[in-house]
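Chemist: Can you keep this structure in mind? I'll have questions shortly.
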Amino acid sequence: MSDNSTGAIRLQAERSHYREHSVPLYLTSSFVFEDAEQARAVFAEEEQGQVYSRYANPNVDELLQKMCHLEKAEDGFAFASGMGAIFGSLGALLQSGDHVLACRSLFGSTHQLLTNIFPKWGISYSYADASKPEEWESLITPATKLILIETPSNPGLELIDMEWLGELKRKHNLLLIVDNCFATPVLQNPTDFGADLVLHSATKYIDGQGRVLGGIAVGTKELIAQIRYFARHTGPAMSPFNAWVLSKSLETLQLRVEKHCENALKLAEALEGNPALEKVNYPFLPSFPQYELAKKQMRQGGGIVTLELKGGYDAAKRFIDNLQMASISANLGDTRTIVTHPASTTHSKLKEEERAATGITPGLVRVSVGLESIKDIIEDITQALEAV
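Under the working numbering, the first residue of the sequence shown is numbered 1247, with each subsequent residue one higher.
Below, the structure is given as structure tokens:
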């Protein structure tokens, strides 16, 4: 199928003898075999077939077929959560003595993996600043196995030039892993720039309605084979029900993301110059420091706007407490507008200097712009700022 949005709608699991139009839920833990020989052949991987829903399931397979189509990837594996996808992928590909080069601006739990969990197993890391590409190559060591990035980052919206990074990883024969959660495959495809593995918290825009958890890793067949082996034996599999929900969600992903982007840009434009704000960050605002890079590698600017309030945490708290419509939640990518204070919630476990290094100040507020009327969104955000 030539168009990604068509594939997200029309690709589906094999139709049963009931001739259903919408794929049914396969809520089964296991599958039966015709005879002992078929059981042996399927387990020996001489014959394709379902075995156990911890390994694979028709609903999960359908979701992965769609995600591979959208991300231009060869194969994939679905996890119970976004962090399950990150841990499962890194855990499968790294071993004691390996080194990871990562962008400094990472989600809080990913940061905890690199700084507190993997070091227990002899895996080291170095952080590089997105704004200083000249420093990245100097941090590569003989032990470096892979490069891990988010672009745009959570929550600072820092971008990394993936074309440049793809050349760097090829030069040093490294793996490139990209967390594409904020952009989704609607806005960018990291595989176009040389990414070997693309990760998603499907909990966010893939679902888009705050209903289920999920994580997805897609990439080359070789890497996914290693990840599948690791995941099969450690058990972080996605449930068939969540996969069914997420697969149906993909049918509207493009429409939703385009509207998120339209609303987010209008909100960012409306808030620039607001006297309560030090600055407004949004990748497709001309004032954004990496505006040209955003236009180069993203189709639109995404659904996240960050606001830097004058007055630090006290001002941010007053702003949030005066919201009348927007939800106060740690989630994002929902149809409903959500406001989060990262320094006291999602990134609160980071040390103060670690937050400062990634641009997470006490006055920073993340706005996940929803699909409500843009007039209502602007009115709610503006009146809360006036209260500050």
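Just so you know, even glycine gets a beta-carbon here, dropped at the ideal spot from N, CA and C.
What did DSSP end up calling K1525 once you bin it into helix, strand or coil?
Modeler: For the purposes of this step, residue 1525 is taken as residue 279 along the sequence shown, with counting starting at 1. K1525 falls in the strand class under three-state DSSP.
Chemist: Mind listing, in chain order, the continuous alpha helix (DSSP H) runs of no fewer than 4 residues lying wholly within the stretch 1317-1393?
Modeler: Those alpha helix (DSSP H) runs which fall completely within the stretch 1317-1393 and span 4+ residues are 1328-1339, 1354-1358.
Chemist: With the cut-off set at 8 Å, would you say T1399 and S1351 are in Cβ contact?
Modeler: Start at 1 with the first residue of the sequence shown, and residue 1399 comes out as number 153. Start at 1 with the first residue of the sequence shown, and residue 1351 comes out as number 105. What sits at residue 1399 in the sequence shown is Ser, not Thr. In this structure, S1351 lies closer than 8 Å to S1399 by Cβ.
Chemist: For the putative contact between E1396 and F1353, defined by C-beta atoms under 8 Å, what is the C-beta separation to the nearest angstrom?
Modeler: Taking the sequence shown and counting its residues from 1, the one referred to as residue 1396 is at position 150. Taking the sequence shown and counting its residues from 1, the one referred to as residue 1353 is at position 107. With 8 Å as the limit, E1396 and F1353 qualify as a contact, their Cβ atoms being about 7 Å apart.
Chemist: At 4 residues or longer, and completely inside the stretch 1492-1536: list those alpha helix (DSSP H) runs for me, N to C.
Modeler: As far as the stretch 1492-1536 is concerned, its whole alpha helix (DSSP H) runs of at least 4 residues are 1499-1517.
Chemist: Give the secondary structure of S1573 by DSSP, where H, G and I count as helix, E and B as strand, and everything else as coil.
Modeler: In the sequence shown, residue 1573 corresponds to position 327, counting from 1. Strand.
Chemist: Buried or exposed for S1614, going by 16 or more other Cβ atoms inside 10 Å?
Modeler: For this step, residue 1614 is matched to residue 368 along the sequence shown. With 16 or more other Cβ atoms within 10 Å, it is buried.
Chemist: How about V1522 and L1610: are their beta carbons less than 8 Å apart?
Modeler: Here residue 1522 refers to the residue found at position 276 when the sequence shown is read from its first residue. Here residue 1610 refers to the residue found at position 364 when the sequence shown is read from its first residue. Note on identity: in this sequence residue 1522 is Ala, with Val being the wrong assignment. The answer is no: Cβ separation not under 8 Å.
Chemist: Note down, one range per segment and in chain order, each alpha helix (DSSP H) of at least 4 residues found wholly within the stretch 1426-1463.
Modeler: Whole alpha helix (DSSP H) segments, 4+ residues: 1430-1433.
Chemist: What is the DSSP secondary structure of I1423, counted as helix, strand or coil?
Modeler: Here the question's residue 1423 lines up with position 177 in the sequence shown. In the structure shown, I1423 sits in a strand (DSSP, three-state: E or B).
Chemist: Compute the Euclidean distance between the alpha carbons of S1251 and E1508, then round it to the nearest angstrom.
Modeler: Along the sequence shown, read from residue 1 onward, the residue named residue 1251 stands at position 5. Along the sequence shown, read from residue 1 onward, the residue named residue 1508 stands at position 262. Near 18 Å, if we compare the C-alpha coordinates of E1508 and S1251.
Chemist: Determine contact between the stretch 1341-1349 and the stretch 1469-1479, defined as no fewer than three beta-carbon pairs at a distance below 8 Å.
Modeler: They do not touch, by the three-pair rule.
Chemist: Please return the same chain residues whose Cβ sits closer than 6 Å to the Cβ of L1419, not counting the five positions on each side in sequence.
Modeler: For this step, residue 1419 is matched to residue 173 along the sequence shown. First, the residue type needs correcting, since residue 1419 is Asn and not Leu in the sequence shown. Excluding residues within five positions, none has a Cβ falling inside 6 Å.
Chemist: To the nearest angstrom, how far is it from the Cα of G1579 to the Cα of D1281?
Modeler: On the sequence shown, position 333 is the one that residue 1579 refers to. On the sequence shown, position 35 is the one that residue 1281 refers to. Computed Cα separation, rounded: 46 Å.
Chemist: Based on the DSSP output, what are the partners of A1483 in its beta bridges?
Modeler: As a first step, residue 1483 is located in the sequence shown; it is residue number 237 there, counting from the start. DSSP output for A1483 lists F1325 as bridge partner(s).
Chemist: Alpha carbons only, please: which of S1485, I1255, C1427, K1467 is nearest the one belonging to G1322?
Modeler: On the sequence shown, residue 1322 is found 76 positions in, with the first residue counted as 1. The shortest Cα separation from G1322 among S1485, I1255, C1427, K1467 belongs to K1467.
Chemist: Does DSSP classify E1554 as helix, strand or coil?
Modeler: On the sequence shown, position 308 is the one that residue 1554 refers to. Three-state DSSP puts E1554 in a strand.
Chemist: Could you tell me whether the Cβ of E1383 comes closer than 8 Å to any Cβ of chain C?
Modeler: Among the protein chains of the structure shown there is no chain C, as only one such chain exists.
Chemist: Please state whether DSSP places R1601 in a helix, a strand or coil.
Modeler: The residue you call residue 1601 lines up with position 355 of the sequence shown. Three-state result, R1601: helix.
Chemist: Assuming L1631 is part of the alpha helix (DSSP H), what are its boundary residues?
Modeler: Your numbering for residue 1631 matches position 385 in the sequence shown. Note, L1631: alpha helix (DSSP H), 1620-1633.
Chemist: Taking I1584 as part of the beta strand (DSSP E), name the residues at either end of that continuous run.
Modeler: As a working note, residue 1584 is residue 338 in the sequence shown. Element bounds for I1584: 1584-1586.
Chemist: Between which residues of its own chain and L1617 is the CB-CB distance below 6 Å, once the five residues before and five after are set aside?
Modeler: Position 371 of the sequence shown, counted from the first residue, corresponds to residue 1617. These residues qualify, in order along the chain: K1505, T1581.
Chemist: Since G1461 contacts A1331 with CB under 8 Å, what's their CB separation in whole angstroms?
Modeler: Here residue 1461 refers to the residue found at position 215 of the sequence shown. Here residue 1331 refers to the residue found at position 85 of the sequence shown. Rounded, the Cβ-Cβ distance is 3 Å, consistent with contact.
Chemist: What residues in its chain sit with their C-beta under 6 Å from that of V1464, if we drop five residues either side in the sequence?
Modeler: Position 218 of the sequence shown, counted from the first residue, corresponds to residue 1464. Excluding positions up to five away in sequence, the list reads M1313, C1314, E1317, A1319, G1322, V1444.
Chemist: What residue from K1512, V1288, S1327, C1349 has the CA that sits closest to E1625's CA?
Modeler: To locate residue 1625, count along the sequence shown from 1; it is residue 379. Ranking the options by Cα distance to E1625, first place goes to K1512.
Chemist: Using 8 Å as the Cβ pair cut-off and three pairs as the minimum, do the stretch 1522-1535 and the stretch 1551-1558 touch?
Modeler: Yes, since at least three Cβ pairs between the stretch 1522-1535 and the stretch 1551-1558 fall closer than 8 Å, the two stretches touch.
Chemist: For the alpha helix (DSSP H) containing R1286, name the first residue and the last one.
Modeler: Here residue 1286 refers to the residue found at position 40 of the sequence shown. Taken as a continuous stretch (DSSP letters only), the alpha helix (DSSP H) holding R1286 covers 1282-1289.
Chemist: Going along the chain, which residues of its own chain have a beta-carbon closer than 7 Å to the beta-carbon of A1603, five neighbours each way excluded?
Modeler: Taking the sequence shown and counting its residues from 1, one reaches residue 1603 at position 357. Cβ within range, chain order: R1350.
Chemist: Taking the alpha helix (DSSP H) that R1416 belongs to, which residues open and close that run?
Modeler: On the sequence shown, position 170 is the one that residue 1416 refers to. Where R1416 is concerned, the enclosing alpha helix (DSSP H) stretches over 1408-1417.
Chemist: What span of residues does the beta strand (DSSP E) with S1251 cover, start to end?
Modeler: The count along the sequence shown starts at 1 and reaches residue 1251 at position 5. Here S1251 belongs to no beta strand (DSSP E); instead the alpha helix (DSSP H) covers 1250-1256.
Chemist: Looking at the strands, I want to know which residues DSSP matches up with R1612.
Modeler: Your numbering for residue 1612 matches position 366 in the sequence shown. DSSP output for R1612 lists T1552, T1586 as bridge partner(s).
Chemist: Taking one C-beta from the stretch 1473-1485 and one from the stretch 1290-1307 each time, how about it: are there three or more such pairs within less than 8 Å?
Modeler: Verdict: yes, contact present.
Chemist: Is it buried or exposed, P1270, if we count other Cβ atoms within 10 angstroms and call 16 or more buried?
Modeler: The residue given as residue 1270 occupies position 24 in the sequence shown. Flag for P1270 reads exposed.
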